[in-house]
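Participant: To convert, note that position 261 of the sequence shown is 1686 in our numbering; the numbers rise steadily by one, no gaps.
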Amino acid sequence: MLNLKRPDVMTTTDWLAPVIWEGTYNRLVLEKYYRRLNITIGLAAFASGKFVDQYLKQFIQSADKHFMVGYNVIFYILIDDINKLPYIELGPLRTFKVFYLANEDMYEDFNFVNTKRFSNFLKECILHEVDFLFIMAANQIFKDDFGVETLGTSVAQLHAWWYFKNIKYFPYERRPKSAAFIPLGQGDFYYHSAIFGGTPREVLAFIDHYLDGITSDTKNKLDSMFESHLNKYFFINKPTKLLSPEYNWDLNFKTPPQIKHVKIAWQSEITSWL
């Protein structure tokens, strides 16, 4: 059903999942509901190489200021060089856990290896510590409150580059032999791997899907992208909540009138074809 407060944007998908924009939710009502539950939210970020040097400190500092303010939060930082971990003094209700990602085999796929390790951390520890979990890339800066309106069983982020474009241009995996294959003419939205989340078990379900997909593609001598498998997963298993591009906007682009408040600025590296 169209939200009359935002008639300029889509606020509900074909499968009746809400699309969250500024003005489409009542923060006070949501706060009243979630405060009673005494929830804990996890925020996991992978940090390696230049992501540690250039982005990690600013990411954590901005998340400490804007992510789920007033709620119990555990930051899970997965890092390949603990010596580069910046010292950051966190605010109240925030705790910090570090997982070491050892680069044991330079010939293995980086995303696959680290996601596999994260799967183990999730099963052994995180699954029992938080009620909701977000996975985010570290090359982002929180600019405004990222609150409980984003919580859901399965949460997907609409990609800022592709939201305003025709579906026929979406960079889905088009090779039929790939586990991430989406046929031409099919698909809903293009989702960004920089942010996704939900309940820990739902996050784990996607990770298992991704690991199985990469294993299958490797056997078929195919290289495939993490984001392609994320889009395939959400194509089959529709997310229960979608975050509008306000929650992850690329400031290299002119901000359209539909974007009222940028919640997170994504620090993209613009490629030559854009």
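Glycine included, every Cβ here is placed at the ideal spot set by N, Cα and C.
(1) Does the distance from the CB of residue 1470 to the CB of residue 1507 come in under 9 Å?
(2) Just list the beta strand (DSSP E) runs in the segment 1552–1599, keeping only unbroken ones of 3 residues or longer that don't cross its boundaries, in chain order.
(3) What do you reckon, are the CB atoms on residue 1572 and residue 1623 nearer than 9 Å?
(4) Report yes or no: do the segment 1655–1669 and the segment 1548–1567 share at least 3 C-beta pairs separated by less than 8 Å?
(5) Among residues of its own chain, excluding the 5 on either side of residue 1523, which ones have a beta-carbon nearer than 7 Å to its beta-carbon?
(6) Using a threshold of 9 Å, state whether the C-beta atoms of residue 1495 and residue 1456 are closer than that.
(7) Name the one or two DSSP bridge partners that residue 1606 has.
(8) Going by DSSP, name the residue or residues bridged to residue 1690.
(9) Let me confirm a value: residue 1430 is counted as buried when at least 16 other C-beta atoms fall within 10 Å, else exposed. Which label applies?
(10) Sorted by chain position, which residues of the same chain lie with C-beta nearer than 7 Å to residue 1693's C-beta, five sequence neighbours on each side aside?
(11) Counting only runs that start and end within the segment 1451–1479, where is the beta strand (DSSP E) found for 3 or more residues in a row?
(12) Hey, residue 1487 and residue 1566 are a contact pair by Cβ (cut 8 Å); roughly how many whole angstroms apart?
(13) Whole angstroms is fine: what's the gap from residue 1544's alpha carbon to residue 1492's?
(14) Between which residues of its own chain and residue 1683 is the CB-CB distance below 7 Å, once the five residues before and five after are set aside?
(15) Is it right to say residue 1454 is buried, meaning 16 or more other beta carbons lie within 10 angstroms of its own, or is it exposed?
(16) In angstroms, rounded to a whole number, what distance separates the CA positions of residue 1632 and residue 1536?
(17) Helix or strand or just coil, what does DSSP make of residue 1444?
(18) Just the Cα atoms here: how many angstroms apart are residue 1643 and residue 1618?
(19) Taking residue 1372 and residue 1526 to be in contact with their CB atoms under 8 Å, please state how far apart those CB atoms are, rounded to whole angstroms.
(20) Report the rounded CA-to-CA distance for residue 1437 versus residue 1637, giving the unit in angstroms.
(21) Since residue 1568 and residue 1444 should fall inside the 8 Å C-beta cutoff, what is the C-beta to C-beta distance between them, to a whole number of angstroms?
Facilitator: Once the coordinates are examined:
(1) no
(2) 1557–1562, 1565–1567, 1579–1583
(3) no
(4) no
(5) 1502, 1504, 1507, 1510
(6) yes
(7) 1598
(8) 1566, 1674
(9) exposed
(10) 1675, 1677
(11) 1465–1472
(12) 5 Å
(13) 23 Å
(14) 1433, 1434
(15) exposed
(16) 11 Å
(17) strand
(18) 21 Å
(19) Residue 1372 cannot be examined here, being either before or after the span of the chain that is shown, 1426 to 1699.
(20) 31 Å
(21) 20 Å between Cβ atoms; not a contact.
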